[in-house]
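Using the working numbering, the letters of the sequence shown correspond one by one to residues 1 to 1107. Beta carbons: idealized from backbone N, C-alpha and C, even for Gly. Keep in mind that this is a model prediction, so the values were computed, not measured. A quick write-up on the structure given underneath.
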Amino acid sequence: MNMVSMANQAASSSSSSFSNSCTYDVFLSFRGEDTRHNFTDHLYSALVQKGINTFIDDKLKRGGEISASLLKAIEKSRISIIVFSSKYAASKWCLDELDKILECKKLRQQKVWPIFYKVEPSDVRHQRGSFGEALGKHECKFKNNIHKVHRWRKALSEAANLSGWTFSDGHESQFIRKIVEDVSAEVSYHAYLDVGAHPVGIESYVGEIDKILEVGEKSIRMVGIWGTGGIGKTTIAKAVYNSIAHKFGGSCFLANVRENSMPHGGLVQLQETLLIDILRVKKLKLTNVDKGVDMIKKMLSNKKVLLILDDVNQLEQLHSLARGSDWFGSGSRIIITTRDKHLLTAHEVYFIYKVKELDYHEALELFSWNAFKRNVPPSDYVKVARRAVHYVQGLPLALTVLGSHLCGRSIDQWQASLNSYMRVPNKEIQEILKISFDALEDPVKEIFLHIACFFKGKYVDYVTQMLECCDLNPMIGIELLVEKALITTDGCRVLMHDLLEEMGKEIVRQESPNNPGKRSRLWFHEDIYHVLTENTGTDTIKGIMIKVPESYNQICLNAKSFSKMKSLNLFVNYDAHFSGNIDYLSNELRWLDWPGCSLQSLPSNFHPKKLAVLNMPQSCITRLPDGFKNLPKLTSVDFEGCKFLEKIPDFTGVTNLENLNLDYCTSLVEVHPSVGFLDKLVVLSLRGCSNLMKFPTQISLKSLEVMELGNCFRLENFPVIVEKMESLRYMNLQGTAIKELHSSIGYLIGLEELYLSNCEDLTTLPCSIYELQDLKVLDLHCCKSLREIPELPPKIRWLVASDCESLERFSKLSKIFKHKEESRGIYWMNLSNCYRLRSNLGYGVAKIENVFLNQASSDHDSAFDVVLPGYEVPKWFPYRKCELLIEAPRYRCGICEFSFEIPATVQLESIRLAFCAVFKVVQNSSGWHFGATISISDVCLERDYKFFSCSRKTASAHVWLKYIPLRTWKKSQIFETQPRFHPHRCRVRFYFESGARPVFLKSSSVDLLLVCDQDDLNYGTAVNHQQEELLSESLKPLNPQKRNLQQRASVLMKIDDANIKHHQEQPLNLSLEPTNPRKRKHNEERRHHRKQRDVEEQPSTSTSPMI
């Protein structure tokens, strides 16, 4: 057998496991000497004549192992009938059969029915008479295996207690007829449902649903199987039925409830079928639904049943067939398959299984079985088979239909058929999918068609806004479509199966198969081209959304292109290029999205009072029509990059405008004063309007959250704030020509971020800036005329005033460092190249350093950085060094760094690092940056990176102070989700880097702080004495070549030409100083001895002096 055949056989065998797992309906166990040629022979003939597949040992092939074959036949039978006759127990073969049969009864829930043919059941039960004699002989014969005889006795007793038939005298033919009728009823009742020849993937589905059902539990449980049409809900339900029906006292699979309940009296007939199947009666007549409800409740309330209601689509069906759990007995399971999730929710079905599509490999296998009658495609059909699977994705119905349709056809025929399906979907598949659509209300149908034609894959918020503009209710409509499995959402986007998308588009095509101008929606670029160029549009068209292939020709518009589209609501152009002019646009437009529009103006008769969104970025528009004075529903306007737009009209009547984007309208000179009083405006953005000179002199924008005026180079005046604006969070005025901010800026009480960088004419900030109590970010970089910074509000976290060359005063600078309960204090402050400020800081620097020390020595959770003009490392750093600056002329674009490790045995939450370095950057260098990284077990948890350009005029020295509480990284979520970080190794790295010119380090120090009582503080270093020795020994150099040069005392950064040239990482070794004098003296002596030993071990070559 070749490999393909073996694979096909294995797959076929696997797929049949949930169809009919039994080979025989009945297995006959009998003593041949007693009944082979009379009773058993007659019974066998009657069963076979009735169509019941019966095993009798006469069918065994010659040479077969009779015992093994019999055992296998028993396992593969649904019912075992044991014919007890006078000599039955004399045969050890019969007794072994009996033992195996009872084993299958226990393990496989096999039905076992005894026939007592001319023997008394009590004789079998108690092994009297011939049965007693036979067992006595067996005991003598099997003295060495007496437990086997005991097992036979137990089996005889157990079998005799089962319900069966007894025949002592009379008409055997009538007796046999009764047995056959009962067997036939049982076989028919437990007939296996067809799940197809190749139910690929069914095992995983059944396994997952079994876990939900928990059949062994005594509670009554309703379970829903939910999914779109053609996903395989019915097939899965059948497979579940086949696998568990035998575990219930009664079972019923009601197929096609939706369809069968539609005719008059349909629900009554379903009730009758339910009761007949479960109660196993031949006939039952109900007069109405109410009678059926009462009968179901009475007859089944004490019976453990399995009921499957397939394809339910109305709540009335559930109320008539399975209204509540109290209708059924303990341990019952009711399974409902449906396309409508809301139906299950309304019926209080709490266990819902959503059927997912087949994955690619399962889809290809199912398709191959139907197309090629094998589980993989032939090698020459692989490419086209993959194309077909990609087209239908993982929908089992579509895979089966398409595979069967293409079976036996040539590759060319396959290609032609698939090309055809891309234009007109397969009708059989579409009809199945369309059932769910037909059940929708008209407004929800509109939403579905909009999504299918326009919005598949779009963001939910975008789709919601679009649909609301069209007077639809997306909140309810989208939820209904999700519940009916017609769409899905991933939390961000609206998703839809490709075949459902094609179904929706086909519904629209069928509105007018030959004339696209008479369809409600247009999305295919060729149809749109035809309608616009040939003027074939009609008032049927509601929406146009165009996306063309690359290098597509321009669409030449004419004056009448849109003239007949009186009902046009949506026009969205993604990338088509239009030319020409038009004299009409529908006043019914709700959404106009036309980037790159070549029109210089919109039609003068365009008064779209229902317009909600107007997006025309990068357009040639020079002006807007006067009709814009009264657009009460307009919420968003986007004219970004409209280089010819000169003026914004009166927006007094645009009362609901929320977003106004005029970025990079480089010809725009004036913004109408009405814009300053739009109460609903949330975002106002005019970034890069380089000619803007006139801005509203007063503003009162209660809802405004973002104001963007960056790089409006000619804007000199900032407006007066008329009243408090609580909503504004972000304001960017960088690069403007503003000379001062009005004191009314204090009304911006909600402002959190203020950007004023490169405002070179700004001379001062108003004292009212202190009123901005929520201000966290203030950027004053390169405000070259700024002389003074007033007292800042207490929540400032990020302050940049670098390159403020005229800055002389900074009121209460140290105050912003103080940590308060309601504020986390400063995170980053940069005063680099403020060389005039340095001489005036005076005692302020000491106060800053003192605050730094206090916070570094206290229980402070927030990291922070400070860069100040200065030359000295603070005196409280214990390992300060002050040497001459050393220039490294060959240092180009490399990283000057040092790092160290904290061992796993040290508690990170107890460690805080304080770092200080004095550095100087040469004139005219392109820029520099510095920072720190924290890595644990080689995974970088935090990277702090800061970049600055350098002043052309100055090259002053600066002090960098950095504080890092490692507890903030210890609290990182990564520790909760990645157990491999325990035990961890923590590496800390500090670095400098220059873009082109050298960075000079004057001196540096690193201080390791541990949380402890204040009595242990010494020079800003809190010490845990128990960990002192451990840290001192563990912080090794990271460069293996430097290990023999390690010193036990604190080693500072060393810079020399050789190290910089090779970009070698420098060693940094830390030790902790105890505050106890006796211990400190002991440590000093110990370090002295170690130092002497290290010097003796060092090579004789000279080294550069340490900084």
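Check: Is DSSP giving H1110 helix, strand or coil here?; Outcome: Outside the displayed range of the chain (1 to 1107) lies residue 1110, so it cannot be described from this structure.
Check: Just how far apart, CA to CA, sit L300 and R423?; Outcome: 52 Å
Check: Taking only runs of the alpha helix (DSSP H) that begin and end inside the region 266-292, which ones reach a length of at least 4 residues, in chain order?; Outcome: 266-279
Check: Would you report the Cα separation of G329 and L279, rounded to the nearest angstrom?; Outcome: 13 Å
Check: When burial is assigned at 16 or more other CB atoms within 10 Å of the CB, is C407 buried or exposed?; Outcome: exposed
Check: Quick one: is E97 near chain C, going by C-beta distance under 8 Å?; Outcome: Chain labels in this structure do not include chain C; a single protein chain is all it has.
Check: How many Å lie between A485 and I352 at the Cα?; Outcome: 13 Å
Check: Which of the three DSSP states is assigned to I974 in this structure?; Outcome: With a pLDDT of 48 at I974, under the threshold of 50, the modelled position of this residue cannot be trusted, and the question is left open.
Check: Within the continuous beta strand (DSSP E) that includes P869, where are the two ends?; Outcome: F864 to P869
Check: What residues in its chain sit with their C-beta under 8 Å from that of R687, if we drop five residues either side in the sequence?; Outcome: D663, Y664, E708, L709, G710, N711, C712 and N732
Check: Can you tell me whether K354 is helix, strand or coil according to DSSP?; Outcome: strand
Check: Short of 8 Å in beta carbon distance, which residues of its chain neighbour R787, apart from the five on each side in sequence? Order them along the chain.; Outcome: T763, T764, S806, L807, E808 and R809
Check: Straight-line CA distance for R151 to T40?; Outcome: 26 Å
Check: Counting only the same chain and skipping the five closest in sequence on each side, list residues whose C-beta sits under 6 Å from that of P377.; Outcome: S368 and A385
Check: Nearest by alpha-carbon distance to L715: which of K702, G676, V671 and P513 is it?; Outcome: V671
Check: Give the straight-line distance between the Cα atoms of L397 and V119, rounded to the nearest whole angstrom.; Outcome: 57 Å
Check: Using 8 Å as the threshold, is the C-beta distance between A255 and D310 below it?; Outcome: yes
Check: Can the beta-carbon of V305 be found closer than 8 Å to that of L286?; Outcome: no
Check: Suppose contacts are defined by Cβ-Cβ distances below 8 Å. Is P649 in contact with G676 by that definition?; Outcome: no
Check: In chain order, what residues of the same chain have a beta carbon less than 6 Å from the beta carbon of S12, not counting five sequence neighbours either side?; Outcome: Reliability fails at S12, whose pLDDT of 42 lies under 50, so the model's placement of it is uncertain and no value is given.
Check: With respect to the beta strand (DSSP E) encompassing L778, which residues constitute its N-terminal and C-terminal limits?; Outcome: V777 to D779
Check: Anyone know if the C-beta pair for L602 and L585 falls short of 8 Å?; Outcome: yes
Check: Which class does T736 belong to by DSSP, given the choice of helix, strand or coil?; Outcome: coil
Check: Got a sec, what are the start and stop residues for the beta strand (DSSP E) Y963 sits in?; Outcome: A957 to P965
Check: If you pair each beta-carbon of the region 447-458 with each one of the region 487-499, do three or more pairs fall below 8 Å?; Outcome: yes
Check: How about the region 388-397 and the region 214-223: do they share at least three Cβ pairs that are nearer than 8 Å?; Outcome: no
Check: By how many angstroms is the C-alpha of H577 removed from the C-alpha of N553?; Outcome: 8 Å
Check: Rounded to a whole number of angstroms, what is the C-alpha to C-alpha distance between E97 and R31?; Outcome: 11 Å
Check: Excluding the five sequence neighbours on either side, which residues of its own chain have a C-beta within less than 8 Å of the C-beta of I749, listed in chain order?; Outcome: K724, M725, E726, E771, L772, Q773 and D774
Check: When we look at the beta-carbon of K564 and count the other beta-carbons within 10 Å, is it buried (16 or more) or exposed?; Outcome: buried
Check: Less than 8 Å between the CB atoms is what I'm expecting for V548 and D575, so what's the real figure, rounded?; Outcome: 6 Å
Check: For V124, which of S86, T540, N656 and I225 has the nearest alpha-carbon?; Outcome: S86
Check: For M693, which residues does DSSP report across the bridge?; Outcome: M693 pairs with nothing; no bridge assigned.
Check: Between which two residues does the beta strand (DSSP E) harbouring Y24 extend?; Outcome: Y24 to S29
Check: At the level of alpha carbons, what is the spacing between P696 and F562?; Outcome: 37 Å
Check: Return the CA-CA distance between S325 and D290, expressed in angstroms with no decimal places.; Outcome: 18 Å
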